[in-house]
Amino acid sequence: MIKLTVNGTEHSLDVEADTPLLWVVRDYLDLKGSKFGCGAGLCGACTMHLNGNPIRTCITPISSVAGQSITTIEGLGYKDSMSSVQQAWVEHNVPQCGYCQSGQIMSATALLATNAKPSDEDIDSAMSGNICRCGTYPRIKAAIHSVANSNATSNTELFTNIMEAK
Amino acid sequence: MTSLTANTSTAETQVKNSSRRTFLKATAMGSSGLMMTIALPGCATLKNGGMTQVGDTEQWDSNAWLRIDSDNSIHFVLDRVEMGQGTYTGMTTLLAEELEVDPAKVDVSFAGVDSVYRNTIYGLQITGGSTSVASSWQIIREAGAATRIMLIKAAANTWGIKESDCVAENGAVINNAAGDKNKGKQITFGQLAAIAATYSVPSDIPLKNKADFKVIGKYNKRLDALKKSTGTADYGIDTDLPGMKYAVFTRAPRWDSQIRDFDASKIENMPGIEHVFAVNKPSAVGIAIVAKSYWQARKAQKLLTVEWAESELTQVNDASIFAQYKKDLADDSGKNVRSEGDIESALENAAQTITAEFEMPFLAHATLEPQNCTAWAKEDGLEIWAPTQSADMAQVAAAKASRYSLSNIKINTTFIGGGFGRRINQDFVAEAAAIADHIQQPIKLIWSREEDTQRDWYRPSSYHKLSASVDNDGQITGWNHQMAGSGVFDYFVGDAAPAQYPFMPKFMFGMLESAGKLGEGIIAPADGSIFEGAEAIPYDFANINVDYKKSDSGILVGNWRSVGYSHNGFIVETFIEKLAQLPQVKAKKDSYQFRYDLLNKHPRAQAVLEKAAKEANWGSPLPGCTQGISIHKSFGTWVAEIADVEIDRSANAANQIKVKRVVCVVDCGQVVNPDTVVAQMEGGIIFALTAALYGEITIKDGIPQQTNFHDYQLLRMNEAPQIDVHIIESDEKPTGVGEPGVPPLASAVANAITAKTGQFFNKLPLKLDA
Numbered sequence: 001m002i003k004l005t006v007n008g009t010e011h012s013l014d015v016e017a018d019t020p021l022l023w024v025v026r027d028y029l030d031l032k033g034s035k036f037g038c039g040a041g042l043c044g045a046c047t048m049h050l051n052g053n054p055i056r057t058c059i060t061p062i063s064s065v066a067g068q069s070i071t072t073i074e075g076l077g078y079k080d081s082m083s084s085v086q087q088a089w090v091e092h093n094v095p096q097c098g099y100c101q102s103g104q105i106m107s108a109t110a111l112l113a114t115n116a117k118p119s120d121e122d123i124d125s126a127m128s129g130n131i132c133r134c135g136t137y138p139r140i141k142a143a144i145h146s147v148a149n150s151n152a153t154s155n156t157e158l159f160t161n162i163m164e165a166k
Numbered sequence: 001m002t003s004l005t006a007n008t009s010t011a012e013t014q015v016k017n018s019s020r021r022t023f024l025k026a027t028a029m030g031s032s033g034l035m036m037t038i039a040l041p042g043c044a045t046l047k048n049g050g051m052t053q054v055g056d057t058e059q060w061d062s063n064a065w066l067r068i069d070s071d072n073s074i075h076f077v078l079d080r081v082e083m084g085q086g087t088y089t090g091m092t093t094l095l096a097e098e099l100e101v102d103p104a105k106v107d108v109s110f111a112g113v114d115s116v117y118r119n120t121i122y123g124l125q126i127t128g129g130s131t132s133v134a135s136s137w138q139i140i141r142e143a144g145a146a147t148r149i150m151l152i153k154a155a156a157n158t159w160g161i162k163e164s165d166c167v168a169e170n171g172a173v174i175n176n177a178a179g180d181k182n183k184g185k186q187i188t189f190g191q192l193a194a195i196a197a198t199y200s201v202p203s204d205i206p207l208k209n210k211a212d213f214k215v216i217g218k219y220n221k222r223l224d225a226l227k228k229s230t231g232t233a234d235y236g237i238d239t240d241l242p243g244m245k246y247a248v249f250t251r252a253p254r255w256d257s258q259i260r261d262f263d264a265s266k267i268e269n270m271p272g273i274e275h276v277f278a279v280n281k282p283s284a285v286g287i288a289i290v291a292k293s294y295w296q297a298r299k300a301q302k303l304l305t306v307e308w309a310e311s312e313l314t315q316v317n318d319a320s321i322f323a324q325y326k327k328d329l330a331d332d333s334g335k336n337v338r339s340e341g342d343i344e345s346a347l348e349n350a351a352q353t354i355t356a357e358f359e360m361p362f363l364a365h366a367t368l369e370p371q372n373c374t375a376w377a378k379e380d381g382l383e384i385w386a387p388t389q390s391a392d393m394a395q396v397a398a399a400k401a402s403r404y405s406l407s408n409i410k411i412n413t414t415f416i417g418g419g420f421g422r423r424i425n426q427d428f429v430a431e432a433a434a435i436a437d438h439i440q441q442p443i444k445l446i447w448s449r450e451e452d453t454q455r456d457w458y459r460p461s462s463y464h465k466l467s468a469s470v471d472n473d474g475q476i477t478g479w480n481h482q483m484a485g486s487g488v489f490d491y492f493v494g495d496a497a498p499a500q501y502p503f504m505p506k507f508m509f510g511m512l513e514s515a516g517k518l519g520e521g522i523i524a525p526a527d528g529s530i531f532e533g534a535e536a537i538p539y540d541f542a543n544i545n546v547d548y549k550k551s552d553s554g555i556l557v558g559n560w561r562s563v564g565y566s567h568n569g570f571i572v573e574t575f576i577e578k579l580a581q582l583p584q585v586k587a588k589k590d591s592y593q594f595r596y597d598l599l600n601k602h603p604r605a606q607a608v609l610e611k612a613a614k615e616a617n618w619g620s621p622l623p624g625c626t627q628g629i630s631i632h633k634s635f636g637t638w639v640a641e642i643a644d645v646e647i648d649r650s651a652n653a654a655n656q657i658k659v660k661r662v663v664c665v666v667d668c669g670q671v672v673n674p675d676t677v678v679a680q681m682e683g684g685i686i687f688a689l690t691a692a693l694y695g696e697i698t699i700k701d702g703i704p705q706q707t708n709f710h711d712y713q714l715l716r717m718n719e720a721p722q723i724d725v726h727i728i729e730s731d732e733k734p735t736g737v738g739e740p741g742v743p744p745l746a747s748a749v750a751n752a753i754t755a756k757t758g759q760f761f762n763k764l765p766l767k768l769d770a
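The listed protein sequences derive, respectively, from chains A and B. Residue numbers are given in the numbering used here: position 123 of the first sequence equals residue 123, and the series is strictly consecutive. Residue numbers are given in the numbering used here: position 300 of the second sequence equals residue 300, and the series is strictly consecutive.
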């Protein structure tokens with residue numbers, strides 16, 4: 001049995017040790033917001049937080065994260081409790097097909113947790129591992145800037161969970 | 001208020017709209033609500049297998065478009081798929097405008113298969129060709145307006161006032177009758193629905209004038225943004241069924257190979273593996289592995305060995321393909337698709353003749369959601385959940401690959417993680433249907449990225465030969481464009497033709513495919529996948545000739561965002577630039593003015609070009625940049641783009657072209673959702689820039705060589721330019737938006753580089769001379 005904490009809930013899982021975290025979360029825990037894109041860590045659609053840091057879960061064997069704390073898109077917020085990053089995504093109409101956006105939001109959230117006012121270059125560097133085939137990059141950038149420019153205290157609140165996890 | 005609960009369960013009324021030969025039909029739903037359906041006379045209406053109905057409590061006709069329940073919930077069935085292009089919002093906005101509701105209050109679900117949902121432009125239930133708004137602009141608004149008129153009548157009768165004294169607003173009818181005791185009161189649509197359902201659908205359905213629009217042209221929200229920002233939108237790959245197994249499918253490296261033998265001895269006893277078997281069906285040839293989990297199936301696949309039979313493609317390489325195109329075109333110029341004046345004499349009498357040859361590569365779609373399909377086979381029917389752009393073609397593909405007939409196959413569509421034309425071909429549905437049928441269980445088939453890249457239906461490669469005649473004054477007197485390449489029509493007609501005749505038994509499918517192929521250009525639209533955009537060259541030359549020679553490479557090809565325009569936008573606008581750079585032309589006017597003057601028969605094009613030049617400060621590039629200009633019409637829409645490009649020789653060879661800014665001006669007629677138009681232009685530009693800088697599938701010994709995002713690169717955040725989009729205000733009918741942003745981009749970038757270095761580009765992706 002492998003133990004794992006996902007979005008604050010502890011799970012014991014009977015799963016082969018080399019199974020990527022992505023498939024465990026999607027198919028054993030039924031959290032389908034994180035997506036499969038490439039299986040090689042090249043596109044970022046599968047991004048989750050491991051102890052607050054963004055990782056590519058399609059190439060992360062479950063055994064390597066045993067006993068640790070994972071946050072998925074479902075752990076950030078939902079409907080009336082959306083995080084400020086998610087709210088910015090909605091306000092900027094960021095998603096087109098939307099398939100990459102869970103991963104984009106996880107990467108952006110991790111960036112803003114450590115860099116409250118990222119420059120364009122900071123955003124490029126933190127986000128260039130996440131591919132968007134629909135080309136929503138200009139809106140992603142605008143949404144990240146808008147979060148950075150909004151109320152600083154609410155940002156602190158937003159990232160409390162992440163920092164606690166660290 | 002007793003009339004509000006009158007039993008109306010048997011009432012059905014119809015009205016014919018003679019202009020479109022369609023029927024709107026209102027049906028009462030027990031005592032609770034109203035359902036508006038649209039039926040086509042003279043067509044068999046398919047009823048679905050009946051395993052799952054849309055909606056939870058009430059029986060709902062499979063061809064319903066709109067349902068209003070007594071709790072005032074409004075349900076709209078979207079008959080075009082949502083793959084990012086914005087139909088979910090745009091089509092709902094059309095309905096909401098005439099119905100008088102807030103678009104955000106409408107509950108949207110995806111349509112199953114029914115002839116009423118067919119795209120009126122194609123005769124198929126297809127989402128493609130940037131046609132959704134254009135083809136539904138009238139009919140959805142009429143459905144909304146007819147329903148509103150009936151709801152108003154119900155309210156007027158309830159209050160005993162005139163219909164003209166009622167106002168529909170925000171999901172309710174308001175009493176506006178001067179002096180009436182109920183003045184100012186309102187009744188919700190939900191309360192009125194059951195009464196309204198007893199009325200005849202009005203024969204005259206006036207639509208609002210543009211000046212009265214409340215949401216069309218103004219609504220700027222995106223209705224699916226919340227779901228897609230919280231991980232709660234369900235894509236095909238997210239489908240989950242009780243007892244569902246996971247399947248992977250091993251296909252031949254060359255698509256035309258059959259199975260000779262396979263050895264599963266190493267995997268049969270691996271944990272979780274339940275079935276390994278060969279599948280040999282139309283569009284589904286390979287070895288299926290079914291396991292308890294996806295990872296178990298994928299791991300086992302590495303240990304499977306398959307011996308494939310001979311392929312016709314083992315000698316096929318890019319070089320041989322282009323040699324074939326050139327030879328075929330030299331032997332026979334093929335079909336003439338445009339002829340004006342006398343090109344031969346223009347070229348003979350020219351003071352100067354300018355020529356160029358172009359070679360365009362195969363391109364993969366690389367949808368971020370890999371191909372996948374979930375299928376559940378039972379004794380009485382097959383149910384499919386698929387991210388498909390054509391539900392009725394999916395049904396045909398499933399029928400051909402299984403024991404089931406069309407009437408026993410139910411197709412459910414889902415949110416789609418990128419389409420771009422890939423999901424018009426239904427091989428992933430055929431495979432899932434065959435696998436589920438074989439084991440009579442629910443399975444989910446997921447392709448790997450490598451499989452998705454190597455077994456795509458690529459944008460066809462093509463060869464183009466252009467020549468222009470120039471007289472002594474530097475006037476262009478003639479334009480000759482000849483080209484060769486595979487047509488995409490042949491590669492999807494097998495599923496498309498039977499889908500148009502759903503009443504035909506399965507044994508007729510082969511005949512329908514043959515008839516479909518023969519009917520191309522006669523009963524089916526001509527396959528423009530190589531020549532579209534070339535034949536419609538808008539420039540005012542006295543002599544124009546465009547020829548297309550079909551030359552089949554044998555490589556699988558399909559529709560790729562903007563299809564033929566994707567390469568012809570580049571070729572035409574790059575060759576035009578070559579002419580603009582002739583010294584005798586350049587002495588008189590710049591690249592902008594040269595185009596502008598030659599577009600004298602297209603005022604909308606001139607307006608688009610003029611605005612682009614103004615917004616981009618044409619002639620004053622960004623620091624360190626040069627500018628390139630391009631304009632192209634596709635799917636009825638004019639788009640001009642001006643790129644500011646910097647060459648950075650210090651970067652890696654692959655990263656020396658830096659596109660800093662793209663200014664885009666679009667005229668797509670009336671706009672439904674302005675922000676969707678902007679988003680589609682932004683997305684089209686980045687999609688096209690990916691192709692311009694990186695896009696190339698190469699073929700070696702019949703095998704596509706690229707596998708994943710390291711060798712089939714997609715543009716990333718750090719490479720994305722600033723994009724400024726401007727929409728031309730228009731009263732014209734709406735035209736396409738999803739694709740027209742793509743065609744002008746590559747030439748705008750190429751022309752900017754030409755302005756800097758003089759290098760002329762006749763191939764994509766763009767590669768700088770050393």
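Even glycine gets a Cβ: it sits at the ideal position worked out from N, Cα and C. The structure displayed is predicted, hence computed values, not measured ones.
By the beta-carbon neighbour count (other beta carbons within 10 angstroms, threshold 16), residue 34 of chain B is buried. Any Cβ of chain A closer than 8 Å to the Cβ of residue 294 of chain B would place that residue at the interface, and such an atom is present. Residue-level contact check: residue 235 of chain B touches chain A, since one or more beta carbons of chain A fall below 8 Å from its beta carbon. If you draw a 10 Å sphere on the C-beta of residue 467 of chain B, you find 16 or more other C-beta atoms in it, and that means buried. DSSP places residue 392 of chain B in the uninterrupted alpha helix (DSSP H) bounded by 391–400. When C-beta distances to chain B are compared with 9 Å, the residues of the region 118–146 of chain A below that value are 121, 123, 124, 125, 126, 127, 128, 129, 130, 131, 132, 133, 134, 135, 136, 137, 138, 139, 140, 141, in chain order. Around the beta-carbon of residue 402 of chain B, 16 or more other beta-carbon atoms lie within 10 Å, marking it buried. Remark: three or more beta-carbon pairs, one from each stretch, lie closer than 8 Å, so the region 213–229 of chain B and the region 88–100 of chain A are flagged as touching.
Residues of the region 34–46 of chain A with a C-beta less than 9 Å from any C-beta of chain B: 34, 35, 36, 37, 38, 39, 40, 42, 43, 45, listed in chain order. For residue 360 of chain B, the uninterrupted beta strand (DSSP E) run begins and ends at 352–360, by DSSP. Sequence-ordered contacts of the region 16–27 of chain A with chain B read 16, 19, 20, 23, 27 [C-beta pairs closer than 7 Å].
Residue 99 of chain A carries a coil assignment under DSSP once its states are collapsed to helix, strand and coil. Between residue 727 of chain B and residue 674 of chain B, the C-beta spacing is below 8 Å.
Minimum Cα-Cα distance from residue 28 of chain B among the listed residues B:98, B:723, B:195, B:181 corresponds to B:195. The Cβ-Cβ distance between residue 74 of chain A and residue 44 of chain A does not fall below 8 Å.
Not one beta carbon of chain A lies nearer than 8 Å to the beta carbon of residue 348 of chain B. Linking residue 377 of chain B to residue 83 of chain B through their CA atoms gives a straight-line distance of about 27 Å. When rounded, the separation of the alpha-carbon atoms in residue 166 of chain B and residue 74 of chain B is 20 Å. By the beta-carbon neighbour count (other beta carbons within 10 angstroms, threshold 16), residue 550 of chain B is buried. Your pair residue 294 of chain B and residue 416 of chain B does not check out as a contact, with CB atoms roughly 20 Å apart and the cut at 8 Å. Taking one beta carbon from each stretch, the region 397–411 of chain B and the region 272–282 of chain B have 3 or more pairs nearer than 8 Å; the two touch. For residue 76 of chain B, the pairing in a beta bridge is given by DSSP as B:66, B:108. The straight-line gap separating the alpha-carbon atoms of residue 690 of chain B and residue 661 of chain B is approximately 15 Å. For residue 48 of chain A, the enclosing beta strand (DSSP E) begins and ends at 47–50.
Nearest Cα to residue 78 of chain B within the set B:114, B:72, B:70: B:114.
Take residue 259 of chain B, set aside five residues on each side of it, and the residues of its chain with a beta-carbon closer than 6 Å to its own are 278, in chain order. Bounds of the alpha helix (DSSP H) holding residue 676 of chain B are 674–693. Contact holds between the region 188–206 of chain B and the region 142–161 of chain B, because three or more Cβ pairs, one in each stretch, are under 8 Å apart. Straight-line spacing of the CA atoms in residue 85 of chain B and residue 140 of chain B works out to 18 Å.
For residue 224 of chain B, the residues of chain A that pass the 9 Å Cβ criterion are 95, 98, in the order they occur in the chain. Following the DSSP letters along the chain, one finds residue 122 of chain A inside the alpha helix (DSSP H) bounded by residues 120–127. For residue 493 of chain B, the enclosing alpha helix (DSSP H) starts and ends at 493–500.
When only Cα atoms are considered, residue 127 of chain B and residue 680 of chain B end up about 15 Å apart. If you draw a straight line from the Cα of residue 71 of chain B to the Cα of residue 740 of chain B, it is about 42 Å long.
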